[in-house]
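From first to last, the protein sequence lines are chains A and B.
The numbering of the first sequence is my numbering, which starts it at 87 and goes up by one.
The numbering of the second sequence is my numbering, which starts it at 87 and goes up by one.
Structure first, then comments.
There are 2 protein chains.
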Amino acid sequence: MKMSSMLGSRFKETPADCQLDSHKLMVRGGYIKQMTTGIYSLYMPTKRITKKIENIIREEMDKIDGQEVMFPVVMPASLWQESGRYDSIGSEMARFKDRSGQPVVLGMTHEEAAVHLARGAAQSYTNYPFMIYQIQTKFRDEPRARGGLIRVREFTMKDAYSFHTSQEDLEQYYEKCYTAYENIFRRAGIPEVVAVKSDSGMMGGSVSHEFMLLTDCGEDTIVLCDCGYRSNMEAADCIVEAPETEEAPLTKVLTPETKTIEAVCEYLHAPANASCKAVVYQKNLTDEYVIAFIRGDLEVNETKLRNFLGEEIHPAEITQESGIVAGFIGPVGLPEGVTYVIDKSVAALNSSVCGANEENYHYTGYNVKRDTPDAQIADFAKTYEGAICPVCGKPHIRISRGIEVGNIFQLGTKYTKSMEMTYIGQDGKPHYPIMGCYGIGVGRLAASVCEVKHDDYGPIWPMSIAPWQVHICAIKATDPEVRAVADELYQKLQDAGVEVIYDDRKVSAGNMFSDADLLGVPVRVIVSPKTVKRGAVEVSKRDKSLREDVAPENAVEYVEKLVQTMLDEFK
Amino acid sequence: MKMSSMLGSRFKETPADCQLDSHKLMVRGGYIKQMTTGIYSLYMPTKRITKKIENIIREEMDKIDGQEVMFPVVMPASLWQESGRYDSIGSEMARFKDRSGQPVVLGMTHEEAAVHLARGAAQSYTNYPFMIYQIQTKFRDEPRARGGLIRVREFTMKDAYSFHTSQEDLEQYYEKCYTAYENIFRRAGIPEVVAVKSDSGMMGGSVSHEFMLLTDCGEDTIVLCDCGYRSNMEAADCIVEAPETEEAPLTKVLTPETKTIEAVCEYLHAPANASCKAVVYQKNLTDEYVIAFIRGDLEVNETKLRNFLGEEIHPAEITQESGIVAGFIGPVGLPEGVTYVIDKSVAALNSSVCGANEENYHYTGYNVKRDTPDAQIADFAKTYEGAICPVCGKPHIRISRGIEVGNIFQLGTKYTKSMEMTYIGQDGKPHYPIMGCYGIGVGRLAASVCEVKHDDYGPIWPMSIAPWQVHICAIKATDPEVRAVADELYQKLQDAGVEVIYDDRKVSAGNMFSDADLLGVPVRVIVSPKTVKRGAVEVSKRDKSLREDVAPENAVEYVEKLVQTMLDEFK
């Protein structure tokens with residue numbers, strides 16, 4: 087490709103509204119153009135990068151016996167009604183009516199489509215296991231689209247669906263897929279990606295993992311321990327040591343104007359980790375109150391609470407009629423009809439301070455088992471830096487941030503049951519297949535690589551996914567000698583199968599180098615009147631680890647080998 | 087790929103509601119599954135075929151300096167309002183509102199997106215010409231979805247857009263693209279495709295061609311001549327010889343109960359080709375009447391008429407108030423405010439029979455120039471078998487049917503003007519770039535190949551796009567010798583880079599062969615107890631042009647060479 091005819095313009099100025107480095111650089115480098123919030127067109131360099139990523143994904147999926155298929159973008163609502171998700175998914179799913187008035191949706195994930203395709207085509211246990219995948223455009227009407235290709239509304243995704251006749255078989259395949267994912271991220275140049283336990287959210291199912299690229303700009307919170315424990319904050323257990331407290335009788339005490347847990351602890355000289363605070367929610371469907379009691383020094387992890395309750399909740403508006411005495415809420419003597427649940431951090435205390443459900447009064451000596459023997463106890467505390475690791479038991483929990491670049495789920499029979507997909511087992515009876523599903527966002531992966539592989543001047547693309555392998559800069563290409571050397575090199579490298587971008591424009595050397603930095607091609611060859619004079623071309627690496635003069639007659643072989651060596655690192 | 091683990095089932099019965107052979111075979115062969123009208127999922131074999139077609143297209147587009155980019159599927163309505171097509175395109179364009187209430191559309195073509203991407207990035211004449219293309223999912227809410235992948239609502243399309251600084255440059259590029267298209271169809275195995283002049287329809291612009299695969303089941307009508315002239319019926323000139331008629335005075339004659347042109351010609355003993363019949367339309371926007379007068383033996387080509395009028399029309403409902411006397415309509419003495427237009431077939435007559443705009447009366451001797459000197463004359467007759475070829479002048483016009491597998495358009499400045507895309511020319515002034523656009527439907531191309539390359543038992547895929555290159559049938563694979571030979575062949579062919587599907591199932595030979603016929607893989611290798619006994623494997627071609635015993639130890643080399651030779655045919 088000659089740069090003189092490549093569409094796209096590059097510039098120095100930091101564009102407005104770009105928080106992430108990858109976003110800034112991909113706008114400045116002529117990689118992407120926003121059409122509207124979270125919807126982008128991709129220029130040639132990005133398309134080349136994403137094609138390479140797609141091919142890496144394909145190879146790894148094919149290695150684990152994946153069958154590439156294609157599902158539609160536009161799907162009938164009826165299919166999503168079968169699984170129940172037409173109603174359970176909110177406005178992030180685009181819906182409209184087709185010309186005949188039939189309601190349709192835009193695919194944001196394809197479990198329903200996968201079951202539709204497989205149902206009827208895999209009716210015997212001998213057809214199992216199998217995995218089908220596609221690489222296709224998806225639309226998710228994301229309210230927080232931001233950060234260039236990191237969080238968009240329309241995106242290309244690889245989504246895979248496996249079908250099994252036993253949980254053991256699914257688990258074996260899940261392991262294979264886990265390894266395939268590690269290969270994909272390594273081959274795409276970001277071996278730093280780690281798998282973390284995650285919450286399954288709207289996908290249903292039990293076990294799931296997210297593959298996270300740890301970076302300060304990520305919007306996910308990751309919980310880590312030196313022992314290897316890793317979890318998404320949403321799914322992380324919170325283990326805390328209970329302070330030693332002596333059992334004491336439940337005693338109502340006057341605590342005037344102590345509406346916060348800090349205020350009451352200070353007033354009573356009680357430590358926060360021996361107090362019980364209330365966080366009030368309402369159920370989305372019924373507006374019924376749900377009070378979560380948790381140790382005063384901890385926070386509620388709403389995802390865990392939601393999963394325990396099995397329904398959606400939101401922070402409450404406490405009305406007078408509810409009978410709830412805001413600021414003095416406690417588990418003993420709550421108004422009729424108010425549900426409550428107690429975190430195990432409170433249950434572990436022999437004695438704690440809690441509200442007395444009466445203006446200006448608290449209890450001391452509250453003991454969960456003794457005073458509220460029927461209470462529901464659960465784990466819904468948010469873990470924190472320095473908390474106890476649920477695996478090694480040491481207080482070494484660290485909190486980090488990350489970008490989710492992939493996820494894998496064990497789905498169970500949620501979709502096959504609801505959509506009535508069965509096979510005849512060896513026992514001659516019908517069974518529901520057990521499913522797994524496995525996603526990777528292609529554009530987000532490209533941007534994530536840029537996010538962690540760049541310098542101030544532009545991306546430093548790994549050779550495996552770089553838009554081109556070699557960037558020739560012909561400085562003063564009007565000089566016939568420069569032109570001749572550069573032209574020949576361009577031709578011969580291409581003949582040798584090397585992917586070359588050739589800057590043949592009449593622009594200054596500075597301009598040429600800053601554009602080359604923005605394109606981030608891993609190997610650069612400079613041909614200029616100076617290099618010609620000293621009988622050489624200058625070969626360098628974008629990451630600055632190499633800069634060498636090579637005789638023009640050896641340049642093709644030298645560069646070809648260099649490219650191959652760099653490619654081999656990602657095998 | 088082992089067939090035992092491939093998803094998809096094949097069957098013998100002709101499925102209901104399939105008119106086209108390709109549709110029948112692709113359903114029977116486990117290639118496609120309909121999700122709803124005109125929306126399909128693709129099983130693995132189809133995905134492999136379409137990927138190969140996409141790669142052929144990519145190579146040919148890259149050869150003519152195409153830059154692969156990616157446009158969104160979901161686009162803001164505002165972009166389509168800029169070009170004016172948000173209003174001019176009907177319900178075939180899907181529209182909805184996103185979660186923030188913004189109107190959006192699903193892309194059915196991407197001229198607007200191409201201008202959006204290029205605008206601002208190609209501001210100097212030095213950036214021109216360039217061509218950008220994508221291979222992407224499109225949605226067109228087609229009222230007549232039918233025929234499997236031939237006419238669907240959702241489809242994968244390659245669409246390309248070129249930008250030029252002069253009409254000459256566009257024309258040169260258009261020629262290149264024309265040749266690239268010929269290469270694509272040849273390489274995909276259907277060199278029979280012909281380019282025909284076509285009507286530009288909603289795309290705008292002047293010159294355009296459709297690439298047509300001639301087949302009786304096509305839904306387009308093609309006009310051909312031995313001299314090489316080819317046109318879509320919609321765009322075909324109609325040239326007819328005028329019969330010799332002597333000029334005569336305009337004379338009103340009583341013609342009782344002769345409401346059709348046939349009846350009046352019979353009554354007056356006048357030949358149909360010396361009569362003038364009326365076909366009445368109304369304009370879509372105003373309901374105003376437009377009467378088309380055409381020779382009695384010819385039909386109106388509504389596309390040509392519409393293009394001449396420059397607006398949409400529909401067959402009229404003639405009311406009493408209109409003053410139009412149905413059955414006796416003629417150009418002389420029409421009611422006030424009725425527009426009419428005369429086909430050149432009538433203008434060529436010295437004397438003809440026409441209605442007198444009075445119940446039971448016609449005129450004889452009507453002469454266009456003499457009696458209606460201000461009449462608008464145009465060419466809107468539909469050509470027919472045996473009409474005169476507009477190129478060679480011989481009455482050799484033939485009518486054929488075809489499937490449109492691609493199209494190319496010279497768009498002019500329709501989109502760059504309406505969307506204000508300019509560049510600074512060599513003269514220092516702003517100019518609008520001139521555009522071309524070039525489309526190919528990938529799935530339709532796959533189905534079209536099947537439509538013309540099949541026998542009663544299944545598709546006969548050309549080697550260049552076949553889902554696999556070699557199909558191994560291991561008959562009685564329970565026989566350890568058969569298994570050993572087949573397994574080794576499968577492994578070694580794959581190691582040699584050959585794409586193999588291996589039928590290792592415990593099914594009858596008949597079942598295996600009929601499935602192999604349905605998968606249509608060009609080379610088949612049969613390993614059975616019989617072939618093992620005679621020390622051979624049987625190599626055959628799907629098109630039955632080869633059937634040969636080969637010693638197992640020579641089989642890999644033999645098959646590899648055979649595949650290569652067959653591939654070379656499509657270079």
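Positions of the beta carbon are idealized from the N, C-alpha and C atoms, including for glycine.
According to the DSSP assignment, leucine 310 of chain B belongs to the beta strand (DSSP E) that extends over 306–310. Isoleucine 347 of chain A and phenylalanine 656 of chain A have their C-alpha atoms some 54 Å from each other. Contact annotation, leucine 235 of chain B with alanine 532 of chain B: C-beta distance approximately 6 Å; criterion of less than 8 Å satisfied.
Residue-level contact check: arginine 456 of chain A does not touch chain B, since none of the beta carbons of chain B fall below 8 Å from its beta carbon. Burial state of aspartate 173 of chain A is exposed, judged by a 10 Å Cβ sphere holding fewer than 16 other Cβ atoms. Contact between the region 497–512 of chain A and the region 569–584 of chain A is not established, with fewer than three Cβ pairs separated by less than 8 Å. The Cβ of valine 160 of chain A sits closer than 8 Å to at least one Cβ of chain B. For the pair threonine 617 of chain B and valine 623 of chain B, the CB atoms are nearer than the 8 Å cut-off.
For glutamate 154 of chain B, the chain A residues whose C-beta falls within less than 8 Å of its own C-beta are Met130, Lys133, Arg134 and Lys137, listed in chain order. A distance below 7 Å between beta-carbons, with the five flanking residues on each side excluded, links glycine 472 of chain A to the following residues of its chain, in chain order: Pro481 and Ile483. Using a Cβ-Cβ cut-off of 8 Å, serine 594 of chain B is close to nothing in chain A; its nearest Cβ partner there is about 15 Å away. Looking only at A:Asp302, A:Thr212, A:Arg381 and A:Ser438, the smallest Cα-Cα distance to aspartate 513 of chain A is reached by A:Thr212.
Glutamine 105 of chain B carries a coil assignment under DSSP once its states are collapsed to helix, strand and coil.
For tyrosine 315 of chain B and serine 248 of chain A, the gap between their C-alpha atoms comes out near 54 Å. For the region 577–589 of chain A, no residue has a beta-carbon sitting nearer than 8 Å to a beta-carbon of chain B.
In the three-state DSSP reduction, alanine 204 of chain B falls in the helix class (H, G or I).
For serine 210 of chain A, the pairing in a beta bridge is given by DSSP as A:Ile510. Around the beta carbon of serine 631 of chain B, fewer than 16 other beta carbons lie within 10 angstroms, which makes this residue exposed.
In terms of beta-carbon proximity, methionine 598 of chain A stays away from the interface with chain B, with every pair separated by 8 Å or more. For leucine 165 of chain B, the residues of chain A that pass the 9 Å Cβ criterion are Met121 and Thr122, in the order they occur in the chain.
No Cβ-Cβ contact shorter than 8 Å links valine 155 of chain B with glutamate 240 of chain A. For a Cβ distance threshold of 9 Å, nothing in chain A lies close to histidine 109 of chain B: the least Cβ distance comes to about 17 Å. In the three-state scheme derived from DSSP, where H, G and I count as helix and E and B as strand, proline 566 of chain B is classed as helix. Taking 4 residues as the shortest admissible run, the region 629–656 of chain B contains the following complete alpha helix (DSSP H) segments, listed from N- to C-terminal end: 638–654.
Contacts with chain B at 8 Å (Cβ-Cβ) include serine 177 of chain A. Under the Cβ distance rule, glycine 115 of chain A does not count among the residues neighbouring chain B, no pair being separated by less than 8 Å.
Within chain A, Ser91 and Leu93 have C-beta atoms less than 7 Å from the C-beta of phenylalanine 216 of chain B, given in sequence order. In terms of beta-carbon proximity, proline 229 of chain A lines the interface with chain B, with at least one pair separated by less than 8 Å. Exclusion of the five residues before and after proline 277 of chain B leaves Phe271 as the residues of its chain whose Cβ lies within less than 7 Å of its Cβ. For serine 626 of chain A, the enclosing beta strand (DSSP E) has its first and last residue at 623–627. Taking the Cα positions, glutamine 577 of chain B is about 25 Å away from glycine 116 of chain B.
Within the region 191–206 of chain A, contact with chain B at the beta-carbon level (separation under 8 Å) is assigned to Leu192, Ala199, His202, Leu203, Ala204 and Gly206. By the criterion of at least three beta-carbon pairs nearer than 8 Å, the region 378–392 of chain A is in contact with the region 463–470 of chain A.
For arginine 456 of chain A, the enclosing alpha helix (DSSP H) begins and ends at 454–457. Judged by DSSP secondary structure, valine 611 of chain A falls within the beta strand (DSSP E) whose first and last residues are 609–613. Residue pairing of serine 127 of chain B in beta bridges, as defined by DSSP: B:Lys119.
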